[in-house]
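A.B. asks: Here it is: the structure, laid out below.
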Amino acid sequence: KKECKKRAAELRDELLFKQPESSHHGDCPICCLPLPIDNDKSTLMSCCCKLICDGCEYANKIRELVGNLQQKCPFCRHPAPNDDEEADKNFMKRAEVNDPVAILEIGLRRRDEGDIEGAFEYLTKAAELGDAGAHD
Numbered sequence: 008k009k010e011c012k013k014r015a016a017e018l019r020d021e022l023l024f025k026q027p028e029s030s031h032h033g034d035c036p037i038c039c040l041p042l043p044i045d046n047d048k049s050t051l052m053s054c055c056c057k058l059i060c061d062g063c064e065y066a067n068k069i070r071e072l073v074g075n076l077q078q079k080c081p082f083c084r085h086p087a088p089n090d091d092e093e094a095d096k097n098f099m100k101r102a103e104v105n106d107p108v109a110i111l112e113i114g115l116r117r118r119d120e121g122d123i124e125g126a127f128e129y130l131t132k133a134a135e136l137g138d139a140g141a142h143d
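Shown next as structure tokens:
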């Protein structure tokens, strides 16, 4: 009976403290570790619309600095945008090919700018294309 209680306690602890296999963001496409739930700990790349964990983003920046290399996306190796306008152009290119992540990002930016009707159109399209984040 004592062994059963001990094993039950172990199982309970295992269930309580086990790390999730993945988050709703999925896995980092570079290191294949689960992306953090906190959006501030990952970076959305405007060129390929991939969400990269900050660890891989940091490692890429160190590699580029040490090697005196041009800054590029750690996933697709597209040159990094120089400013927000260039990043917006990258998102628009991805939206033209119906990338739901890019469409969601454009919708969120429109919402933040106060263009509620434009935001609604983009968010609706992102939801129709299957992006769960557009339902928030």
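When we follow this note's numbering, the leftmost residue of the sequence shown carries the number 8, and every step to the right adds one.
All C-beta atoms, glycine included, are put in the ideal place defined by N, C-alpha and C.
Owing to the predicted nature of the structure, the values given are computational and were not obtained by experimental measurement.
If you follow the beta strand (DSSP E) that Leu-58 is part of, which residue opens it and which one closes it?
C.D. replies: Counting from one through the sequence shown, the residue named residue 58 turns up at place 51. Unbroken beta strand (DSSP E) run through Leu-58: 58-60.
A.B. asks: Give the C-beta separation of Ser-53 and Pro-88 to the nearest angstrom, bearing in mind that I take them to be a contact with Cβ-Cβ under 8 Å.
C.D. replies: The residue you call residue 53 lines up with position 46 of the sequence shown. The residue you call residue 88 lines up with position 81 of the sequence shown. Contact holds; Cβ gap of about 6 Å.
A.B. asks: Express the C-alpha separation of Lys-9 and Arg-118 in angstroms, rounding to a whole number.
C.D. replies: Locating residue 118 in the sequence shown gives position 111, counting from the first residue. Locating residue 9 in the sequence shown gives position 2, counting from the first residue. In a straight line, the C-alpha of Arg-118 is about 59 Å away from that of Lys-9.
A.B. asks: Between which residues of its own chain and Asp-20 is the CB-CB distance below 7 Å, once the five residues before and five after are set aside?
C.D. replies: The residue you call residue 20 lines up with position 13 of the sequence shown. For Asp-20, where only same-chain residues beyond five positions count, there are no Cβ hits under 7 Å.
A.B. asks: Contact between the region 57-66 and the region 36-46 is defined here as three or more beta-carbon pairs at a separation below 8 Å; is this criterion met?
C.D. replies: Because the criterion of three Cβ pairs below 8 Å is met, the region 57-66 and the region 36-46 touch.
A.B. asks: So, for Ala-139: in the same chain, excluding its five sequence neighbours on each side, which residues have a beta-carbon less than 8 Å away from its beta-carbon?
C.D. replies: Counted from its first residue, the sequence shown places residue 139 at position 132. Around Ala-139: His-31.
A.B. asks: Quick one: what does DSSP say Pro-36 is sitting in, helix, strand or coil?
C.D. replies: The residue labelled residue 36 in the question sits at position 29 within the sequence shown. If DSSP states are grouped into helix, strand and coil, Pro-36 belongs with coil.
A.B. asks: Tell me the rounded alpha-carbon separation between Val-104 and Asn-97.
C.D. replies: Sequence index remark: in the sequence shown, residue 104 carries index 97 (1-based). Sequence index remark: in the sequence shown, residue 97 carries index 90 (1-based). In a straight line, the C-alpha of Val-104 is about 11 Å away from that of Asn-97.
A.B. asks: Can you give the Cα-Cα distance for Phe-82 and Arg-101, rounded to whole angstroms?
C.D. replies: By one-based count along the sequence shown, residue 82 stands at place 75. By one-based count along the sequence shown, residue 101 stands at place 94. Cα-Cα distance, rounded: 15 Å.
A.B. asks: Report the three-state DSSP secondary structure of Leu-1 (helix, strand or coil).
C.D. replies: Since the first residue of the chain shown is 8 and the last is 143, residue 1 is not available in this structure.
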